[in-house]
Structure formats: C-alpha cells, structure tokens
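Trainee:
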Amino acid sequence: MADIAEQLIEKLQTLETSIFEGQDATRQKLALAARKLFHTLETKEEKTMRLAIEEPVMFSVLQALIDTGLFEGWAAAGGGERDVTELAKLSKRDVEPELLRHQLRLMAANHIILETANDRYAPTPYALAIGDKSTKVAPALRIR
C-alpha cells in the first residue's frame, strides 16, 4: 500500500492544468475526486481546525446546527439516511425546514454530511462524531 501511495503522490505532484486543455469535464471530475479524497483522509481533529480557521461561514452554520441539537439527535437516532422533515424533527429546537434545507446543502457541499438524493441526507463519521458527546468534537467547534 505504501508503494501505491508514493506513486500516487508522485503523479499528483507533477500534474499541471495545461494537460487538461479542452478537457474541462475531465478536469472537473478529477478536482471533485481529489476534494472527496482530501475530506476522506482528513482526521476529525484536522477537519475541526480547518473549519474554525478557513471556513467561517461553515463554522457559523455548524454552531447553529449544534445549538439546535440536530447532530446529537441524529446520532442518538442511530444515524442513517433521513429527509429534511425527519431531520427537523430530530432537532431539540424548532427548526424551519426551508432554512434547514439550505444549511444541509451547505454541509453536504463541504463533506460534513452526504446528500444521497434530493433533500435526503446521511451522516458522515464526522457528523456522527459531532453528535457524540464522548468525542468532544462539538465543544471544539464552539466559540462561546
């Protein structure tokens, strides 16, 4: 596995955008795959630090969703794929479904959760860690 990783690292480091001239769809697919790989390899601690420092809007939305109890409720319910209405009901506070829909799309775009279908979401291990009090991820995302 180490050999494959080293070969992949070497190939990735030599990539230049010029090789994708006229192949925008291929370039975009590679960029999306690289972004997904980045989020897959990132530890929960690294993700927490990145969100706090580099992603202020995400950080604020995460704090708001933590305040509603969404992540805690979702983890307590065993995770799993849910629609927006179900997720609103898992929250400990009243949540406007339309606002939650926008927040969840932002979370999915940043690989905090997965959008599995239109208005259906599944938690990532990181999202479940936010809802699990034993991990201390949620307190690390708090600024108060």
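To convert, take the position in the sequence shown, counting from 1, and add 309; that gives the numbering used here.
The beta carbon of each residue, even a glycine, is placed where N, CA and C say it ideally should be.
1. Are E424 and R414 closer than 8 Å when you measure CB to CB?
2. What distance in whole Å lies between the Cβ atoms of T377 and S400, which are believed to be in contact at a cut-off of 8 Å?
3. Cα-Cα, which of V393, E405, G331, K353 is closest to D441?
4. Count the other CB atoms, across all protein chains shown, that sit within 10 Å of the CB of A342; report buried if there are 16 or more and exposed otherwise.
5. Does the beta-carbon distance from F368 to L360 come in below 8 Å?
6. Any idea if F380 is buried or exposed, counting beta-carbon neighbours within 10 angstroms, 16 or more meaning buried?
7. Which residue comes first and which comes last in the beta strand (DSSP E) that contains T357?
8. In the DSSP assignment, find the unbroken alpha helix (DSSP H) run with L379 in it and report its ends.
9. According to DSSP, which residues form a beta bridge with L324?
10. Suppose contacts are defined by Cβ-Cβ distances below 8 Å. Is E405 in contact with R429 by that definition?
11. Please state the DSSP three-state secondary structure of T394.
Mentor: In short, the structure shows the following:
1. Position 115 of the sequence shown, counted from the start, is the residue given in the question as residue 424. Position 105 of the sequence shown, counted from the start, is the residue given in the question as residue 414. Yes, they are a contact pair.
2. On the sequence shown, residue 400 is found 91 positions in, with the first residue counted as 1. On the sequence shown, residue 377 is found 68 positions in, with the first residue counted as 1. 4 Å between Cβ atoms; contact.
3. For this step, residue 441 is matched to residue 132 along the sequence shown. Closest by alpha carbon: K353.
4. Translated into the one-based positions of the sequence shown, residue 342 becomes position 33. Counting Cβ neighbours within 10 Å, A342 comes out exposed, since fewer than 16 surround it.
5. Taking the first residue of the sequence shown as position 1, residue 368 is located at position 59. Taking the first residue of the sequence shown as position 1, residue 360 is located at position 51. For F368 and L360, yes; Cβs fall inside 8 Å.
6. Position 71 of the sequence shown, counting from 1, holds the residue named residue 380. F380 should be labelled buried.
7. Taking the sequence shown and counting its residues from 1, one reaches residue 357 at position 48. That residue, T357, is in no beta strand (DSSP E); its alpha helix (DSSP H) goes 353–363.
8. By one-based count along the sequence shown, residue 379 stands at place 70. Looking at the DSSP string, the run of the alpha helix (DSSP H) that includes L379 is 379–385.
9. Here residue 324 is taken as the residue at index 15 of the sequence shown, counted from 1. Per DSSP, none; premise fails for L324.
10. Stepping through the sequence shown from its first residue, residue 405 is reached at position 96. Stepping through the sequence shown from its first residue, residue 429 is reached at position 120. It is not a contact, given that the beta carbons lie outside the stated cut-off.
11. The count along the sequence shown starts at 1 and reaches residue 394 at position 85. DSSP places T394 in helix when its eight states are reduced to three.
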